[in-house]
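Student: Just so you know, we're using this note's numbering here: the sequence shown kicks off at 36 and counts up by one.
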Amino acid sequence: MWKAIKSIFATPKVIDAAIQGIDKSKWTDEERSDFFLTWIQASAPQNLARRIIAFLVTAMWVIACIVILAQLAFEINVDDEMQFMNETVNPPFMIIIGFYFLAHVIRANKK
Numbered sequence: 036m037w038k039a040i041k042s043i044f045a046t047p048k049v050i051d052a053a054i055q056g057i058d059k060s061k062w063t064d065e066e067r068s069d070f071f072l073t074w075i076q077a078s079a080p081q082n083l084a085r086r087i088i089a090f091l092v093t094a095m096w097v098i099a100c101i102v103i104l105a106q107l108a109f110e111i112n113v114d115d116e117m118q119f120m121n122e123t124v125n126p127p128f129m130i131i132i133g134f135y136f137l138a139h140v141i142r143a144n145k146k
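This is how it looks when you write it as structure tokens:
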């Protein structure tokens with residue numbers, strides 16, 4: 036029985052596959068930078084769409100804030116609008132702000 040198990044795991048193909056798997060699990064700095072450059076080139080067309088989405092969500096947030104401020108100036112109840120902001124507008128706005136600025140903050144604090 037042990038001889039059969041040993042023969043299964045002692046073949047050169049299994050050993051070569053294990054070595055290649057271990058080698059691929061660790062990236063060198065060159066491999067990491069090549070991957071990052073390839074990823075940037077592949078995702079470049081999405082930059083325009085990201086900016087448009089960010090602009091639209093930010094514009095919606097600004098318009099909602101202006102409406103709420105105008106209602107507060109005329110002493111109109113803003114409970115419904117605040118609930119709308121908290122449940123619908125603020126979550127995507129915070130995701131966009133985090134996407135654009137959080138990575139820069141983290142990189143700056145690592146140095």
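In this text, a Cβ means the ideal position worked out from N, Cα and C, and glycines have one as well.
At the level of alpha carbons, what is the spacing between Ile-87 and Ala-94?
Tutor: Start at 1 with the first residue of the sequence shown, and residue 87 comes out as number 52. Start at 1 with the first residue of the sequence shown, and residue 94 comes out as number 59. So the two alpha carbons sit approximately 10 Å from each other.
Student: Alpha carbon to alpha carbon, how far is Phe-70 from Asp-64? Give it in angstroms, no decimals.
Tutor: As a first step, residue 64 is located in the sequence shown; it is residue number 29 there, counting from the start. As a first step, residue 70 is located in the sequence shown; it is residue number 35 there, counting from the start. When rounded, the distance between both Cα atoms is 10 Å.
Student: To which residues of the same chain is Trp-96 closer than 6 Å at the C-beta, ignoring the five residues directly before and after it?
Tutor: In the sequence shown, residue 96 corresponds to position 61, counting from 1. Counting only Cβ-Cβ distances below 6 Å, and skipping sequence neighbours, we find Val-124, Phe-128.
Student: If you draw a straight line from the C-alpha of Gln-81 to the C-alpha of Leu-91, how long is it?
Tutor: Within the sequence shown, residue 81 is the residue found at index 46, counting from 1. Within the sequence shown, residue 91 is the residue found at index 56, counting from 1. Using only the alpha carbons, I get a separation of about 16 Å.
Student: Does Glu-110 come out as helix, strand or coil in the three-state DSSP assignment?
Tutor: For the purposes of this step, residue 110 is taken as residue 75 along the sequence shown, with counting starting at 1. Three-state result, Glu-110: coil.
Student: Could you check where the alpha helix (DSSP H) with Trp-74 kicks off and where it finishes?
Tutor: Your numbering for residue 74 matches position 39 in the sequence shown. Here the alpha helix (DSSP H) through Trp-74 covers 64-78.
Student: Classify Lys-145 as helix, strand or coil using the three-state DSSP reduction.
Tutor: Within the sequence shown, residue 145 is the residue found at index 110, counting from 1. Here Lys-145 sits in helix by DSSP.
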